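What follows is a short report on a single structure.
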Amino acid sequence: MAVVAQAPNFQSEMRQLLRARVIDTARHLVCTEGWGAVNMSRVAKEVGVSRPVLYKEIGTKHDLADAVIGNELDIFLAGITDTIAAHPDDIRAALTAAVDFTLRTAAENTLLKAVLAGRSSADTSLLPTLMTEPEPVLGRAAGTLTTVVRTQYELPALSDDELGSRVEAVVRLALSHLFQPTGTIERAVAQIALVIDAIFASAARDH
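So for the sequence shown, the UniProt record's numbering puts the first residue at 1; every next one is plus one.
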């Protein structure tokens with residue numbers, strides 16, 4: 001009976017390992033050859049599974065794009081959360097530091113650089129997922145960071161909608177500078193910091 005009880009957990013672990021391997025394989029292809037080189041047949045072959053298995057576990061190529069971007073976003077959000085946690089008493093300093101972390105980390109991210117480098121060619125399939133679709137990037141980032149900020153700083157003066165709108169504004173600005181930089185990272189951080197100071201000034205005083 002113990003073996004039967006453990007079987008679902010084992011299957012779940014195997015599926016998680018397969019998913020991670022698929023994402024890593026697709027990411028490597030994007031970084032080395034561009035998104036145009038990614039197709040389900042090739043990914044299945046390199047991972048060592050059949051196409052039906054790949055489609056069952058991942059879905060379509062669009063679903064694979066979402067998975068690759070979502071995995072990358074998870075890494076960013078973990079770092080951003082740690083950055084915010086390092087400023088337990090100052091939300092404005094925390095968010096400014098989070099923006100700085102985001103822009104500097106993104107500047108060195110091989111996947112992001114590969115995707116943005118392909119924007120001048122026909123190989124732009126990942127750009128809508130990153131830049132225009134509300135999910136998985138903007139919505140997930142804003143939602144996660146709103147929860148992090150609420151948990152760490154409480155900010156009772158702000159309703160959930162008010163806090164969510166403020167955090168989303170900061171996320172949108174950071175993404176804008178990330179995808180369409182017009183100057184140095186220092187300048188971008190300073191610009192966004194002005195907005196952070198303005199929209200969180202009253203909440204910070206009441207904290």
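For glycine and all other residues, C-beta sits at the position ideal for the given N, C-alpha and C.
These figures come from a predicted structure and were not determined experimentally.
Exercise. Work out the CA separation of Leu126 and Gln180 for me, nearest whole Å.
Key: Each residue's alpha carbon lies about 16 Å from the other.
Quiz item: Can you round the beta-carbon distance between Ala141 and Leu73 to whole angstroms, since I take them to be within the 8 Å contact cut?
Solution: At roughly 7 Å, the Cβ-Cβ gap stays under 8 Å, so Ala141 and Leu73 are in contact.
Quiz item: So, Val167 versus Val195, is the Cβ gap smaller than 8 Å?
Solution: no
Practice problem: Assign Thr25 to one of three DSSP states: helix, strand, or coil. | Solution: helix
Quiz item: Between the beta-carbon of Val30 and the beta-carbon of Val38, is there less than 8 Å?
Solution: Taking 8 Å as the cut-off, the Cβ atoms of Val30 and Val38 count as close.
Exercise. Find the nearest neighbour of Val49 within the set Met14, Ile69, Ala67, judged by alpha-carbon distance.
Key: Val49 has its Cα closest to that of Met14, out of Met14, Ile69, Ala67.
Quiz item: In chain order, which alpha helix (DSSP H) runs of at least 4 residues are fully inside the region 145-199?
Solution: Counting only runs of 4 or more residues that sit fully inside the region 145-199, the alpha helix (DSSP H) segments are 160-179, in chain order.
Quiz item: Which runs of the alpha helix (DSSP H) fall wholly inside the region 11-92 and span at least 4 residues, in chain order?
Solution: 40-47, 51-57, 61-85
Quiz prompt | Burial state of Pro52 (16 or more Cβ within 10 Å) | solution = exposed
Practice problem: Give the straight-line distance between the Cα atoms of His62 and Val47, rounded to the nearest whole angstrom. | Solution: Those two C-alpha atoms are separated by around 18 Å.
Quiz item: Apart from the five residues on each side of it in sequence, which residues of its chain come closer than 7 Å, Cβ to Cβ, to Ser114?
Solution: The residue asked about is misnamed: residue 114 is Ala in this sequence, not Ser. Closer than 7 Å at Cβ, skipping near neighbours: Val30, Cys31, Gly34.
Self-check item: Cβ of Val47 within 8 Å of any chain D Cβ
Solution: Although the question refers to chain D, the structure presented lacks it and comprises just one protein chain.
Quiz prompt | Rounded separation between Ala98 and Ile23 - CA only | solution = 26 Å
Quiz prompt | Segment limits, alpha helix (DSSP H) that includes Leu112 | solution = 110-117
Practice problem: Measure the CB-CB distance between Ala26 and Leu64 and report whether it falls below 8 Å. | Solution: yes
Quiz item: What does a CB cutoff of less than 6 Å around residue 278 pick up in its chain, not counting 5 residues either side in sequence?
Solution: The first residue shown for the chain is 1 and the last is 207, placing residue 278 beyond what the model contains.
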